[in-house]
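Chains as they are written, first to last, in this note's numbering: chain A, 1 to 279; chain B, 1001 to 1279; chain C, 2001 to 2279; chain D, 3001 to 3279. This report refers to the structure that appears directly beneath it.
Protein chains: 4
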Amino acid sequence: MANFKGHALPGSFFLVFGLWWSVKYPLKYFNNRMKGKCRNNMAYRRLELIEGVMKVVFTFIGILAEQFVPDGPHMHLVQDHSWVKLMNWQHSTMYFFYGLSGIIDILTYFPLNVPQGLDRLSLALAVFIEGLLFYFHVQNRPPLDQHIHSLLLIAVFGGSISIMIEVFLKDHIVLEMFRSSLAILQGSWFWQIAFVLYPLGGAPEWDQTDHENIMFITMCFCWHYAVSLIIIAINYMLVYWCMRRNKDLAADVTIGIRKLNPNKREEAQAALLAASDEE
Amino acid sequence: MANFKGHALPGSFFLVFGLWWSVKYPLKYFNNRMKGKCRNNMAYRRLELIEGVMKVVFTFIGILAEQFVPDGPHMHLVQDHSWVKLMNWQHSTMYFFYGLSGIIDILTYFPLNVPQGLDRLSLALAVFIEGLLFYFHVQNRPPLDQHIHSLLLIAVFGGSISIMIEVFLKDHIVLEMFRSSLAILQGSWFWQIAFVLYPLGGAPEWDQTDHENIMFITMCFCWHYAVSLIIIAINYMLVYWCMRRNKDLAADVTIGIRKLNPNKREEAQAALLAASDEE
Amino acid sequence: MANFKGHALPGSFFLVFGLWWSVKYPLKYFNNRMKGKCRNNMAYRRLELIEGVMKVVFTFIGILAEQFVPDGPHMHLVQDHSWVKLMNWQHSTMYFFYGLSGIIDILTYFPLNVPQGLDRLSLALAVFIEGLLFYFHVQNRPPLDQHIHSLLLIAVFGGSISIMIEVFLKDHIVLEMFRSSLAILQGSWFWQIAFVLYPLGGAPEWDQTDHENIMFITMCFCWHYAVSLIIIAINYMLVYWCMRRNKDLAADVTIGIRKLNPNKREEAQAALLAASDEE
Amino acid sequence: MANFKGHALPGSFFLVFGLWWSVKYPLKYFNNRMKGKCRNNMAYRRLELIEGVMKVVFTFIGILAEQFVPDGPHMHLVQDHSWVKLMNWQHSTMYFFYGLSGIIDILTYFPLNVPQGLDRLSLALAVFIEGLLFYFHVQNRPPLDQHIHSLLLIAVFGGSISIMIEVFLKDHIVLEMFRSSLAILQGSWFWQIAFVLYPLGGAPEWDQTDHENIMFITMCFCWHYAVSLIIIAINYMLVYWCMRRNKDLAADVTIGIRKLNPNKREEAQAALLAASDEE
């Protein structure tokens, strides 16, 4: 769907996942640091099951939308010896791989002995396939159109590489936050593409060959990422303060502080050492 | 052999290896998890010897086929001051490096102290050399021909990098399954190239400059990979169920479940912890 | 600011940071080796707080300079339906990301449980954004201008990758010294760009299309790096000798030598082994 | 020196180092496996000192040759407002970085606390600088000349990446053998370039624009690498058999076999396990 909605729909999916991850991972991280690893594992595993189901549902909606919009291919691939609506078929393919990744997420939940890391590998592959299709997708288009999509590719391939590293480094909070930030970036950038290429309600068209516009769009991409990083930071802080207040109420304050503030412990140790030195 | 058979032959080799790996690695993985590491090592080492011998035999067949087909170079490199059938020589070179990798596999079996990882390094190099030759091979060809071969390069270089990582991370099931999936993809893609560039029995020729065809081929490549992933998944499941049934028959059920379902153990532990908390 | 000062200002910032790092990291390294890890941690943490504050101050100066120089955009982005001074806005964006990295450095100091490695990730992102903007920045310029900026990109992306690796390998002295050397290289190269593109006081202009000039500039870039490496080596040696003299004065000579010269210990062990063998 | 000797000289340097490494590293590897790590360390450290001195001597010869050949720049960089013999200056720069790497090797030997890995980082940088200069060096040349040099770049950048990994993985025999093979490849390829671009004694010139020649050269590069791998394998085997014979003479046969043949031990263990199972 080369129109506003066709970009807004996947953009919204990525935004939802990015924002959700930016809350989930800090939550998991603080939980692990406070209560040890094994306790809340089950809850998080269930969350990931739900995530998998959501992925499958979202991608199913996406595929249906691409196939059965009025000007869609309606599951026909060839007609009169020519291809039918290849663009929609390509988008369906992208959704399909995200769906596969969702299915692996679901299978990982059940005691089927799915190897650790396969869920992240399948996600990395889905992201890579998206990038691959986009890469060959935008050739023979006006410069601004090409440029705005190739900026998207930076977020896409960056995300794919980062998730690939997560196959080997599980539960690495920095990688998880990086992934969240790239998902939000992708989501908001899809919306930006929609606004630039298919201006809403009579807004003036962008000149697709103007070099100034291309320069602005590059910078605009960086601003999107800056906003994405700030959102990640705010969510992280919110989670931190919620967790802290909850813990304080739960009265096990002393133990908590010891675990929460390794810095203070170091300070104390340093002071102790200094004191013992002076003696 | 720039014809149907010249692509179908290597395609079949890759398919055979990819399918075989997609059974072997899950088998090895479950065996290790169930019975500990040392027990079945010898059997797997023997399998790898056989694999090495197969590689040498296959590549020998490949080289002979490239050299001694009726229009082959028959081991002549220069004739009347010009090169003879360089295409066939290049293919022979590709086979040769896979042969070298097979020889290293064989040497690894014998107690010669071949360093761990050398077998995978030599395989990675063989794959890389294949990619390198293909890369310079397809210049000056029609767009569709170039594009269909450059998609192959994604599978080739992806495989090479993945095997290179296996040099450092031995017996990593996710990497091994990834490698299997790329081998199947390569195999089936060689067949696809054969069908597109050398249509069998009077099928219509593809228009090699049509942009729509190029877009379809890109998507088709993704579908091949999707099928490859599904084959991998099915083989994995089959192995899992076979292993499980065998084990159940062998009556050591309780121990087995404990080892097979770490998830259930976690559940039990969580329940235990919850109970002890409530007290 | 596409003039001499606009390149000299960031160049000076990078030089200051590069030189400072080339002293700080050896200092930290020797301290850790001599006294164990925990002792001076607090001091180094405070240094990093100061570093973060410096980054924020420097980038604030940079942004103000870019915005409010006489021919700057004065915070206006759009005027009469066209973009205002996008070059200055791009430079402001680069400074902004370094500022973000500074803020993360400051937050890392306080007991807020900021995950380890986030400070380096944010620095790597700032460097990457700088490279991204430069990459699209220099299109449609004369060959020498393009070339001199694309050499800068080698230092920029090299630095970004190296810092990205530091996210996973903390306190790796070789990586830290590599980063310092690239920062010095970037700083001195900014000055070189300033001298080449905006010759001072009546110096003759460079012919921007001469192939010989491009060849010289490539080599000149290598010389800059050689000088950068030599500066790093000298600073390392100076730190080493200062630390050693201080330690000698502190009278714990015997313990020191044992810790400082693992080589001598190996020699002694080897001699011991040889002796026990001969018996 | 854009002539036969100017390529044969560095080619010989690389060949000497590659061949030497292909003997040194297996020797060190077997020694470590047989006698434990600490014993022969001193001997190997001394070898590396000698290697460093050799590097410095070789690069000094190289720089002198480039500068003071009859048509060299004789240390003049600018004359009559134009650059003097930039080609020779670029080659001198390449040698200089290898010299720097040699100096670090020498410093590493002495008890100066040079961080582990710095010697390999400096070597990786020297190789990278060589690649960088070559990359910009060959623009505006006939196709065959460009192609033959860009194949060299594969060996160069491959080597640089591999040595960069060695910074983190010390004494990894597979990486060391890979590096040796790339050094031999680079050496023999320099000789090949010399023979192709500057044919000796009246041999016919190569047609530098013929596509067939370019195809042959690509394949020829692979053959060089195959020969390089075979040389590595032979040297490895020779070292293995020499070490084995020496050890057998030294009468500690039983212990030796135990250490040398972990495979046999596994077989024995497997047999033992099987036996205990049957009871």
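Every residue gets a Cβ at the ideal spot worked out from N, C-alpha and C, and that includes glycine. From a predicted model like this one, the values you see are computed outputs, not experimental measurements.
What does isoleucine 129(A) touch in chain B if you count any residue whose Cβ is under 8 Å from its own? Cys1222 and Tyr1225
Proximity test, glutamate 212(A) beta-carbon vs the ligand FAD heavy atom, cut-off 6 Å: You won't find the ligand FAD in this model; it holds no ligand whatsoever.
Would you list, in chain order, the members of the stretch 2046-2079 of chain C that have their beta-carbon closer than 9 Å to a beta-carbon of chain A? Leu2077
Own chain residues within Cβ distance below 6 Å of glycine 3011(D), not counting five before or after: Gly3187, Phe3190 and Trp3191
Chain B beta carbons: is any one of them nearer than 7 Å to that of methionine 3164(D)? no
Please name the residue in Asp207(A), Trp223(A) and Leu144(A) whose C-alpha comes closest to that of serine 181(A). Trp223(A)
Evaluate isoleucine 2255(C) with the Cβ neighbour count: other Cβ atoms within 10 Å of its Cβ, from every protein chain shown; 16 or more gives buried, anything less gives exposed. Low per-residue confidence applies at isoleucine 2255(C): pLDDT is 48, beneath 50, and the placement is therefore not dependable, though the value from the model is reported in the following sentence. Counting Cβ neighbours within 10 Å, isoleucine 2255(C) comes out exposed, since fewer than 16 surround it.
Taking a contact to mean a Cβ-Cβ separation below 7 Å, would you say tyrosine 25(A) touches glutamate 176(A) in this structure? yes
Take proline 73(A) and list the residues in its own chain whose beta-carbon comes closer than 7 Å to its own, dropping the five residues that flank it on each side. Gln67, Val84, Lys85, Asn88 and Trp89
Are the C-beta atoms of leucine 3086(D) and some chain C residue less than 7 Å apart? yes
I'd like to know if glutamate 212(A) contacts chain C, where contact means its C-beta is closer than 7 Å to some C-beta of that chain. yes
Just the chain D side, please: which residues come within less than 7 Å of phenylalanine 2178(C) by C-beta, in chain order? Leu3121
Sequence-distant residues of its chain with Cβ nearer than 6 Å to alanine 2194(C) (five each side left out): Phe2004, His2007 and Ala2008
If you drop the 5 nearest sequence neighbours on each side, which residues of the same chain put their C-beta closer than 8 Å to that of leucine 1077(B)? Trp1083, Val1084 and Trp1089
Would isoleucine 1148(B) pass as a contact of isoleucine 1217(B) if the rule is Cβ separation under 7 Å? yes
Excluding the 5 residues preceding and the 5 following isoleucine 2165(C) in the sequence, name in chain order all residues of the same chain whose CB lies nearer than 7 Å to its CB. Leu2175
is_contact[glycine 1006(B), chain D] using C-beta, thresh 7 Å: no
Closer than 7 Å to chain D by CB, aspartate 1159(B): The question names aspartate, but residue 1159(B) is glycine in the sequence shown. Judged by the 7 Å Cβ criterion, glycine 1159(B) is not in contact with chain D.
Buried or exposed for asparagine 246(A), please, with buried defined as at least 16 other CB atoms from any protein chain shown within 10 angstroms of its CB. exposed
My guess is that aspartate 105(A) and lysine 55(A) are in contact by the Cβ rule of under 8 Å, so how many angstroms apart are they, rounded? 7 Å
Tell me serine 2180(C)'s beta-bridge partners as DSSP assigns them. Serine 2180(C) is not bridged to any residue.
Does any CB atom of chain D fall closer than 7 Å to the CB of phenylalanine 1136(B)? yes
Considering only the alpha carbon of each residue, which of Tyr2109(C), Phe2013(C) and Met2042(C) lies closest to glycine 2052(C)? Tyr2109(C)
Within the continuous alpha helix (DSSP H) that includes threonine 108(A), where are the two ends? 86-109
Among Ile1129(B), Gln1116(B) and Leu1112(B), which one has its Cα closest to the Cα of phenylalanine 1096(B)? Ile1129(B)
Start and end residues, alpha helix (DSSP H) containing glutamine 2067(C): 2041-2068
Closer than 7 Å by beta-carbon distance: list the chain D residues that pair up with tryptophan 1083(B), in chain order. Glu3212 and Phe3216
Can you list, in chain order, the residues of its chain with a C-beta nearer than 7 Å to that of valine 23(A)? Leave out the 5 residues immediately preceding and following it. Asn235 and Val239
Of the residues Asp2248(C), Ile2214(C) and Phe2178(C), which one's Cα is nearest the Cα of isoleucine 2231(C)? Phe2178(C)
Are the beta-carbon atoms belonging to methionine 3167(D) and glycine 3117(D) less than 7 Å from one another? Residue identity differs from the one stated: residue 3167(D) is valine in this sequence, not methionine. Yes, Cβ-Cβ distance for valine 3167(D) and glycine 3117(D) is below 7 Å.
Tryptophan 2083(C) - partner residues in DSSP beta bridges: Val2078(C)
Roughly how many whole angstroms lie between the Cα atoms of aspartate 1252(B) and arginine 1244(B)? Residue placement at aspartate 1252(B) is poorly supported in this model, since its pLDDT is 47, which falls under 50; the coordinates still yield a value, given next. About 11 Å.
Excluding five sequence neighbours on each side, which residues of the same chain lie with their C-beta closer than 6 Å to the C-beta of alanine 3065(D)? none
So, is the C-beta of proline 115(A) closer than 7 Å to a C-beta in chain B? yes
Cβ shell of aspartate 3277(D) (< 6 Å), same chain only, five flanking positions each side left out: Any reading at aspartate 3277(D) needs caution, since the residue's pLDDT is 44, under 50, leaving its predicted position unreliable; the model's value is listed next. Nothing meets the Cβ criterion.
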